[in-house]
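Enquirer: Residue 168 in the numbering used here sits at position 166 of the sequence shown, and the numbers go up by one each step.
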Amino acid sequence: MGYKKPSFIENIAEKIGIIPNLHKEKYQEFEEDMRHFTDEEVAQLYENFPPPEKWDNWVEYDPTVWPKKKKTTYQIVPTTCFNCESACGLTAFIDKETQQVKKFEGNPYHPGSRGRNCAKGPATINQVTDPDRILFPLKRKGKRGEGEWERVTWDEALDTIATRIRKAIQEGRHNEIAYHVGRPGHEKFMNWILQGWGIDGHNSHTNICSSGARFGYNIWYGYDRPSPDHTNAKFILLVSAHLESGHYFNPHAQRIIEGKMKGAKLATMDPRLSNTASMSDYWLPTYPGTEAAVLLAMAVIILQEGLYNREYLENWTNWQAYLKA
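(1) Ends of the alpha helix (DSSP H) at residue 250?
(2) For my contact list, residue 261 and residue 232 are in at a C-beta cut-off of 8 Å; report their separation, rounded to the angstrom.
(3) Look up residue 124 in the DSSP assignment and say whether it is helix, strand or coil.
(4) Starting from residue 97, trace the beta strand (DSSP E) both ways and give me its first and last residue.
(5) Would the beta-carbon of residue 60 fall within 9 Å of that of residue 95?
(6) Considering only heavy atoms of the ligand SAH, does any lie closer than 8 Å to the CB of residue 193?
(7) So, for residue 335: in the same chain, excluding its five sequence neighbours on each side, which residues have a beta-carbon less than 6 Å away from its beta-carbon?
(8) Quick check: the Cα distance between residue 128 and residue 278, rounded to an integer number of angstroms?
(9) For the structure I just gave you, are there three or more beta carbon pairs, one from the region 298–306 and one from the region 267–282, closer than 8 Å?
(10) Could you pull the start and end residues of the beta strand (DSSP E) that residue 116 belongs to?
(11) I need the straight-line Cα distance from residue 211 to residue 184, nearest angstrom please.
(12) According to DSSP, is residue 243 helix, strand or coil?
(13) Whose CA, out of 83, 160, 295, 202, lies closest to the CA of residue 175?
(14) I need the straight-line Cα distance from residue 322 to residue 111, nearest angstrom please.
(15) Residues in its own chain within less than 6 Å of residue 1 by CB, not counting five upstream and five downstream?
(16) Ordered along the chain, which non-local residues of its own chain (more than five positions away) have a Cβ less than 6 Å from that of residue 93?
(17) From the DSSP secondary-structure annotation, give me the bridge partner or partners of residue 154.
(18) Assign residue 268 to one of two classes, buried (16 or more other C-beta atoms within 10 Å of its C-beta) or exposed (fewer than that).
(19) May I ask you to report which of helix, strand or coil DSSP gives residue 179?
(20) Name the two residues that bound the continuous beta strand (DSSP E) containing residue 107.
(21) Under 8 Å Cβ to Cβ from residue 289, same chain only, skipping five residues before and after it: list those, please.
(22) Could you round the C-beta distance between residue 255 and residue 245 to whole angstroms and report it? I think they count as a contact, below 8 Å.
(23) Specify the secondary structure class of residue 278 as computed by DSSP and reduced to three states.
(24) Using a threshold of 9 Å, state whether the C-beta atoms of residue 74 and residue 63 are closer than that.
(25) Ordered along the chain, which non-local residues of its own chain (more than five positions away) have a Cβ less than 7 Å from that of residue 293?
(26) State the CB to CB distance for the pair residue 311 and residue 120, rounded to an integer number of angstroms; the pair is presumed to be in contact (CB under 8 Å).
(27) With a CB to CB cut of under 6 Å and the five nearest residues on each side skipped, what residues in its chain are close to residue 159?
(28) Check each candidate in 58, 179, 72, 124 and name the one with the smallest Cα separation from residue 90.
(29) Cα separation between residue 199 and residue 84?
(30) With the cut-off set at 9 Å, would you say residue 230 and residue 219 are in Cβ contact?
(31) Would you tell me roughly how many angstroms separate the C-alpha atoms of residue 179 and residue 226, rounded to the nearest one?
(32) Among 105, 88, 165, 100, which one has its Cα closest to the Cα of residue 65?
(33) Since I believe residue 88 is in contact with residue 250 (beta carbons under 8 Å), could you give me their beta-carbon distance rounded to a whole number of angstroms?
The structure is reproduced here in structure tokens:
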């Protein structure tokens with residue numbers, strides 16, 4: 003259990019003889035041990051969180067004043083990380099004496115992230131305490147670009163925006179109205195309102211970043227954010243998917259790791275040697291734009307050599323309707 007898989011650089015160095023291969027036998031033993039782990043046992047390797055029954059009155063010692071022993075009593079409140087669209091679960095530790103948020107940690111009871119957050123989650127505290135954080139509405143004072151602002155109330159800000167939108171709609175200038183949302187949470191609600199007003203000016207992070215992939219998922223899969231069962235897979239093929247640190251990487255990456263711990267093989271088809279590709283068992287560096295041809299070639303081999311479950315395909319897929327389309 004104490005074995006650490008060699009890095010990509012170590013693997014290359016061993017293969018070309020720069021350093022001796024000291025990992026092969028140990029890694030094979032490690033993989034064999036991990037294949038016998040149950041899902042519950044794998045999960046227990048990561049669980050070290052305050053139990054929910056103590057969330058209302060959790061006591062910790064302040065490490066910043068060590069060796070003194072200063073107790074701080076927290077109320078732990080579940081919340082969500084909005085630093086990317088993975089929307090992982092967080093727990094906010096609120097000092098019960100000052101009612102200030104002191105830190106954020108992962109929420110082990112969140113079904114997606116399960117407490118295993120990346121660095122951006124705990125770093126949310128920097129946003130809360132940032133001295134440049136804007137805490138109230140500001141209205142431009144003077145000419146654009148002069149950098150002069152004045153504080154206004156929420157009612158003033160909302161009334162100003164609503165008045166200008168209403169005027170544009172009444173004058174038939176719908177195309178001059180645009181709305182951009184950076185993170186999900188109210189995206190669909192606002193989109194419904196804009197569509198009700200006859201406005202096609204909704205923009206979002208999704209439109210800019212991941213709309214191509216999600217549109218493809220929608221027309222093929224019927225859903226724009228599929229989540230395969232990586233944990234129980236025997237072979238995982240990623241097509242230009244950078245799940246080591248890309249879109250929705252946290253929920254997917256941890257389950258891919260669990261699958262690999264149980265013996266799954268990981269293949270990444272990507273022209274770029276991404277972090278994910280470097281951690282894969284197989285890297286397929288196709289020429290950009292040829293991925294579809296490679297997949298069709300794989301399909302031909304599967305059909306010609308009978309490497310598919312015919313009974314399952316005939317009874318549980320809509321292959322006939324797909325071919326007609």
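Glycine residues also receive a C-beta, built at the ideal position from the N, C-alpha and C atoms.
Expert: Taking the definition as stated:
(1) Here residue 250 refers to the residue found at position 248 when the sequence shown is read from its first residue. No alpha helix (DSSP H) holds residue 250; DSSP gives it neither H nor E.
(2) Against the sequence shown, residue 261 aligns to sequence position 259. Against the sequence shown, residue 232 aligns to sequence position 230. Confirmed, about 5 Å.
(3) Indexing the sequence shown from 1 puts residue 124 at position 122. Residue state, collapsed to three classes: coil.
(4) Taking the first residue of the sequence shown as position 1, residue 97 is located at position 95. Unbroken beta strand (DSSP E) run through residue 97: 91–97.
(5) Here the question's residue 60 lines up with position 58 in the sequence shown. Here the question's residue 95 lines up with position 93 in the sequence shown. Against a cut-off of 9 Å, the Cβ pair of residue 95 and residue 60 comes out as a contact.
(6) Looking at this structure, you won't find the ligand SAH or any other ligand, since it has none at all.
(7) Here the chain comprises residues numbered 3 to 327, so residue 335 is not present and cannot be evaluated.
(8) Along the sequence shown, read from residue 1 onward, the residue named residue 128 stands at position 126. Along the sequence shown, read from residue 1 onward, the residue named residue 278 stands at position 276. Each residue's alpha carbon lies about 28 Å from the other.
(9) no
(10) Stepping through the sequence shown from its first residue, residue 116 is reached at position 114. It is not in any beta strand (DSSP E) - residue 116 carries neither H nor E in the DSSP assignment.
(11) Along the sequence shown, read from residue 1 onward, the residue named residue 211 stands at position 209. Along the sequence shown, read from residue 1 onward, the residue named residue 184 stands at position 182. Using only the alpha carbons, I get a separation of about 11 Å.
(12) To locate residue 243, count along the sequence shown from 1; it is residue 241. Coil, per DSSP.
(13) One-based indexing of the sequence shown puts residue 175 at position 173. When each option's Cα is compared against that of residue 175, the closest is 202.
(14) The residue you call residue 322 lines up with position 320 of the sequence shown. The residue you call residue 111 lines up with position 109 of the sequence shown. Between residue 322 and residue 111, the C-alpha separation is close to 42 Å.
(15) For the chain, the structure presents residues 3 to 327; residue 1 sits outside this window and is missing.
(16) Walking along the sequence shown from the start, residue 93 turns up at place 91. These residues qualify, in order along the chain: 78, 80, 107, 109.
(17) Looking up residue 154 in the sequence shown gives position 152. According to DSSP, which records beta bridges pairwise, residue 154 is partnered with nothing at all.
(18) Here residue 268 refers to the residue found at position 266 of the sequence shown. Buried, since its Cβ has 16 or more Cβ neighbours within 10 Å.
(19) Sequence index remark: in the sequence shown, residue 179 carries index 177 (1-based). Coil.
(20) Here residue 107 refers to the residue found at position 105 when the sequence shown is read from its first residue. Segment 103–108, the beta strand (DSSP E) holding residue 107.
(21) Within the sequence shown, residue 289 is the residue found at index 287, counting from 1. Answer for residue 289: 273, listed in chain order.
(22) Here residue 255 refers to the residue found at position 253 of the sequence shown. Here residue 245 refers to the residue found at position 243 of the sequence shown. Yes, residue 255 and residue 245 are in contact; Cβ-Cβ is about 5 Å, under 8 Å.
(23) One-based indexing of the sequence shown puts residue 278 at position 276. In this structure, residue 278 counts as helix in the three-state DSSP scheme.
(24) Sequence index remark: in the sequence shown, residue 74 carries index 72 (1-based). Sequence index remark: in the sequence shown, residue 63 carries index 61 (1-based). In this structure, residue 63 lies closer than 9 Å to residue 74 by Cβ.
(25) Reading the sequence shown from its first residue, position 291 is the one you call residue 293. Counting only Cβ-Cβ distances below 7 Å, and skipping sequence neighbours, we find 241, 242, 271.
(26) For this step, residue 311 is matched to residue 309 along the sequence shown. For this step, residue 120 is matched to residue 118 along the sequence shown. So it is not a contact: roughly 37 Å between Cβ atoms.
(27) The residue given as residue 159 occupies position 157 in the sequence shown. Result list for residue 159: 139, in chain order.
(28) Position 88 of the sequence shown, counted from the first residue, corresponds to residue 90. Residue 90 has its Cα closest to that of 124, out of 58, 179, 72, 124.
(29) For the purposes of this step, residue 199 is identified with residue 197 of the sequence shown, where counting begins at 1. For the purposes of this step, residue 84 is identified with residue 82 of the sequence shown, where counting begins at 1. One C-alpha to the other measures close to 28 Å.
(30) By 1-based counting over the sequence shown, the position of residue 230 is 228. By 1-based counting over the sequence shown, the position of residue 219 is 217. Not a contact, by the Cβ cut-off of 9 Å.
(31) For the purposes of this step, residue 179 is taken as the residue at position 177 of the sequence shown. For the purposes of this step, residue 226 is taken as the residue at position 224 of the sequence shown. When rounded, the distance between both Cα atoms is 27 Å.
(32) As a working note, residue 65 is residue 63 in the sequence shown. Answer by Cα proximity: 105.
(33) In the sequence shown, the residue the question calls residue 250 occupies position 248. In the sequence shown, the residue the question calls residue 88 occupies position 86. Between residue 88 and residue 250 the Cβ distance is about 5 Å, and since that is below 8 Å, they are a contact.
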